[in-house]
Amino acid sequence: MNIEKIKSQNSSNSNLIFDSKLDVQKQNTKEDPTISDDSPNKKKHFYIIELIILALNFSNSIACYIKTPKSLELLISSTVFFGFMCLLCMFFYLLDLRLKSFQKFSHPFLYFFCGLGLVFTDPEVLWIITNKDIGTYFPSLLQIILVFVLQSSVQTTPRLYIFSIILGVLSFSLSLAPLKNIPRTVYLLITLILVCAKLKKQPKHHKKIRTTTNKTEVLTTYRGEQLPKNLDDQDRLFIEQSCFSSLANLIGPSANIIKLQEKSNFSYGVSELIGVLSQIGKNWNFDTFFISDCTGKEPIQIMGLYTIRRYGLDELCCVPENIIKNLLRKLEQSYKSNPYHNSMHAADVMSSYIYFVNNSDMLDAISSIEMLGGIIATLSHDVGHPGKTNRFLVLTRDDIAIAYNDISVLENMHTSIVFSLLKIEDCNILMNFNSEKWLIIRKCIIDMILATDMSKHFDMMAQFRVKYHEAGSIDFTNNEIRSDLFKLLMKAADIGHAAKSTELHERWCRLVVEEFYIQGDMEKSLGISVSMYCDRETTDISKSQAGFIRNIVYPLFSTINAILVSEKIETSCVSQLKTNELYWVMRRKTIRGSSLISRREEYINNLNSLKKRRNAERKPSLPDKYIE
Ligand SMILES: [Zn+2]
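For the sequence shown, UniProt numbering begins at 1 and goes up steadily by one.
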């Protein structure tokens with residue numbers, strides 16, 4: 001089955017509201033993760049390490065020659081090799097800066113050639129070749145191990161690890177030949193086993209990096225303030241309705257059921273999509289739409305299972321894999337077919353959350369229980385969502401609002417549903433957790449899901465800034481700080497589509513806007529005031545999106561980046577927010593004054609029905625024939 005073809009077919013299903021002029025997004029999965037993730041700093045790091053290894057090898061040869069000045073070949077070959085490799089490294093580095101695709105060739109070549117040089121300029125190997133007793137000084141395997149350890153700090157592909165193992169085995173066999181030192185041979189064997197064991201582990205794809213975001217500046221901005229400045233009336237009303245929970249803000253209409261969840265006839269499993277799924281946490285613009293399309297609308301099951309396995313959390317749970325699959329299936333089935341709040345959104349939020357953790361110092365501090373908690377929380381944070389806001393549920397006296405006393409109505413429901421699912425025997429992946437572990441993961445999941453209630457947004461932000469305004473006070477090893485950060489990361493992941501590539505962001509926007517409009521239609525039909533930006537006849541989408549990014553998403557991401565200090569988060573997310581805001585501002589200028597609904601007939605029909613309704617309200621006696 002041709003995945004690219006399927007993707008292009010699916011992406012051609014355009015929506016009526018938007019008229020995207022952007023090109024179809026390229027799927028990043030064909031790119032080598034090592035290559036796509038490399039920054040200039042990382043490239044430089046790679047070449048510096050190569051030069052350090054070469055210098056060590058050269059000094060080893062000189063030391064050996066000084067100790068037993070019998071082998072001139074050793075000194076000559078080492079000098080020639082060292083000089084040649086230095087020139088090659090410099091040449092490749094300069095070329096690498098200009099040609100991005102050059103790394104595909106240069107990195108494995110240098111790595112392999114360097115390792116080969118280390119073996120064949122090793123005094124012991126030379127002893128075998130020249131049959132001279134030159135003694136040993138520094139066994140080649142130790143150098144190979146050194147290469148391996150140093151290279152681990154730079155991103156490497158599995159291919160490169162295999163090369164290093166081949167060289168290690170070769171070197172080890174050669175070092176066995178003289179059989180002069182059995183204890184050393186035993187030591188080398190143990191080291192080799194340890195290196196092989198390390199192979200099984202996932203290489204970390206992050207490093208400590210500096211960022212241009214000023215931590216103190218971001219954390220102290222807006223301290224104690226409840227609302228951003230310079231808001232116009234519409235943005236203020238929208239924020240008041242969605243970001244504050246007081247009843248006063250709640251006081252202020254028929255549902256179009258959108259056909260969204262159409263089951264595909266084909267589907268792929270984790271093993272078939274492994275290449276695409278490996279981008280979770282590495283590619284900020286991970287395309288969950290694609291996964292959903294080619295898994296028969298089962299992104300939670302596929303992405304969730306992959307991520308749980310990837311971080312070895314299946315071993316933490318210590319339950320048969322069927323139990324994990326059952327939970328993920330039940331969770332997916334508990335999501336409703338809303339335009340936006342569906343299982344695809346949940347899976348996408350998980351991908352964004354993993355990206356934050358994976359690309360910051362948080363990866364070193366997070367425990368496996370917290371990692372599992374984060375995955376469960378993100379995947380279940382909107383489970384059972386009816387496609388209506390808390391405000392709507394409270395105003396319509398919905399059963400859910402009654403059940404949760406109007407307090408974080410939806411969020412309480414989502415949390416309750418996931419723990420109900422976890423109580424089912426076939427789905428209880430936490431069955432082997434003792435009380436202590438279970439309480440830790442339960443608190444983690446509850447805190448994270450409840451944090452997604454936007455009515456708490458400004459309070460949370462203000463509290464966070466007051467608590468962590470001093471740049472030095474953020475210690476990732478502190479449980480309380482980590483817990484606060486998980487909530488913030490969850491919130492950012494939940495509204496993270498605003499920081500995705502413009503094409504992905506626009507696609508998510510269409511869905512969220514459609515869901516808003518359905519609620520707006522219902523509010524009209526029920527005779528309650530229409531929530532801000534939910535009226536399909538009057539809403540200016542570009543304006544609402546630009547305002548949402550400017551007033552809510554950007555400050556949140558800036559705060560997170562001031563704490564996580566990640567170059568990747570800054571370049572992939574924070575700067576993209578500015579691009580997307582500008583996109584909506586420019587779009588607004590180009591379509592201002594024209595219909596917000598792309599189809600003219602639809603616009604005229606809506607206008608007529610509006611006129612009819614207004615006239616009916618104001619002048620009931622006017623005969624129908626004059627209304628048209
Ligand atoms: Zn959500």
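Glycine included, every Cβ here is placed at the ideal spot set by N, Cα and C.
For residue i, does the three-state DSSP call read helix, strand or coil?
{"i": "Gln-279", "result": "coil"}
{"i": "Leu-273", "result": "coil"}
{"i": "Leu-556", "result": "helix"}
{"i": "Gly-384", "result": "coil"}
{"i": "Phe-433", "result": "coil"}
{"i": "His-45", "result": "helix"}
{"i": "Trp-508", "result": "helix"}
{"i": "Trp-584", "result": "helix"}
{"i": "His-341", "result": "coil"}
{"i": "Ile-424", "result": "coil"}
{"i": "Thr-211", "result": "No answer about Thr-211 holds up, because its pLDDT of 37 lies below 50 and its placement is not dependable."}
{"i": "His-205", "result": "Note that His-205 scores a pLDDT of 37, beneath 50, so its modelled location is shaky; the value from the coordinates is reported in the next line. Coil, per DSSP."}
{"i": "Ser-78", "result": "helix"}
{"i": "Tyr-65", "result": "helix"}
{"i": "Val-418", "result": "helix"}
{"i": "Arg-397", "result": "coil"}
{"i": "Thr-590", "result": "helix"}
{"i": "Ser-368", "result": "helix"}
{"i": "Cys-318", "result": "coil"}
{"i": "Lys-297", "result": "coil"}
{"i": "Ser-360", "result": "coil"}
Exposed or buried, which one is residue i when buried takes at least 16 other CB atoms within 10 Å?
{"i": "Pro-299", "result": "buried"}
{"i": "Arg-397", "result": "exposed"}
{"i": "Gln-301", "result": "buried"}
{"i": "Ser-59", "result": "exposed"}
{"i": "Ser-435", "result": "exposed"}
{"i": "Ile-76", "result": "exposed"}
{"i": "Val-383", "result": "buried"}
{"i": "Val-80", "result": "exposed"}
{"i": "Ala-403", "result": "exposed"}
{"i": "Lys-568", "result": "buried"}
{"i": "Lys-282", "result": "buried"}
{"i": "Ser-61", "result": "buried"}
{"i": "Thr-295", "result": "buried"}
{"i": "Ala-401", "result": "buried"}
{"i": "Asn-322", "result": "exposed"}
{"i": "Asp-233", "result": "exposed"}
{"i": "Cys-114", "result": "buried"}
Excluding the five sequence neighbours on either side, which residues of its own chain have a C-beta within less than 7 Å of the C-beta of residue i, listed in chain order?
{"i": "Asn-326", "result": "Asp-426 and Cys-427"}
{"i": "Lys-437", "result": "Ile-369"}
{"i": "Ile-481", "result": "Ile-474 and Asp-475"}
{"i": "Asp-406", "result": "Val-394"}
{"i": "His-505", "result": "His-497, Ala-498 and Asn-580"}
{"i": "Gln-545", "result": "Cys-509 and Trp-584"}
{"i": "Tyr-533", "result": "Phe-238, Phe-516, Thr-539 and Ser-544"}
{"i": "Glu-411", "result": "Ile-449, Leu-450, Thr-452 and Asp-453"}
{"i": "Leu-352", "result": "The displayed chain sequence assigns Ser, not Leu, to residue 352. Correct list, in chain order: Ala-493 and Gly-496."}
{"i": "Leu-328", "result": "Ile-300, Gln-301, Gly-304 and Leu-305"}
{"i": "Glu-332", "result": "Glu-298, Ile-300, Gln-301 and Ser-343"}
{"i": "Thr-477", "result": "Ala-365"}
Enumerate in chain order the residues of its own chain whose CB-to-CB distance from residue i is below 6 Å, with the five nearest sequence positions on each side excluded.
{"i": "Asn-342", "result": "Tyr-335"}
{"i": "Lys-388", "result": "Gln-519"}
{"i": "Ile-563", "result": "Ile-474"}
{"i": "Ser-566", "result": "Asn-359 and Ser-360"}
{"i": "Ile-376", "result": "Ile-445"}
{"i": "Tyr-554", "result": "Leu-577"}
{"i": "Phe-356", "result": "Leu-489"}
{"i": "Val-409", "result": "Asn-390, Leu-393, Ile-400 and Ala-401"}
Suppose the cutoff is 8 Å on Cβ atoms and the five residues either side in sequence are ignored; what does the same chain contact list for residue i look like?
{"i": "Ser-542", "result": "Trp-584, Val-585, Arg-587, Arg-588 and Ile-591"}
Measure the beta-carbon distance from residue i to residue j and round it to whole angstroms, keeping in mind my assumption that it falls under 8 Å.
{"i": "Val-418", "j": "Ile-445", "result": "7 Å"}
{"i": "Lys-423", "j": "Met-448", "result": "No, Lys-423 and Met-448 are not in contact; Cβ-Cβ is about 19 Å, not under 8 Å."}
{"i": "Ala-346", "j": "Leu-379", "result": "5 Å"}
{"i": "Ser-531", "j": "Phe-392", "result": "7 Å"}
{"i": "Phe-464", "j": "Thr-559", "result": "7 Å"}
{"i": "Cys-89", "j": "Leu-110", "result": "7 Å"}
{"i": "Met-303", "j": "Met-350", "result": "6 Å"}
{"i": "Ala-492", "j": "Leu-556", "result": "5 Å"}
{"i": "Ile-324", "j": "Leu-305", "result": "6 Å"}
- Task: Please list the segments of the alpha helix (DSSP H) lying wholly inside the region 432–482, counting only runs of 4 or more residues, in order along the chain.
- Result: Here the runs fully enclosed are 435–450 and 457–467.
- Could you tell me which uninterrupted alpha helix (DSSP H) segments, each at least 4 residues in length, are contained entirely in the region 511–577, listed from first to last along the chain? If we require 4 residues or more, the alpha helix (DSSP H) runs fully inside the region 511–577 come out as 541–548 and 554–564.
- Any heavy atom of ligand 2 within less than 5 Å of residue CB: hits in chain order: The model depicted lacks ligand 2 and carries ligand 1 instead.
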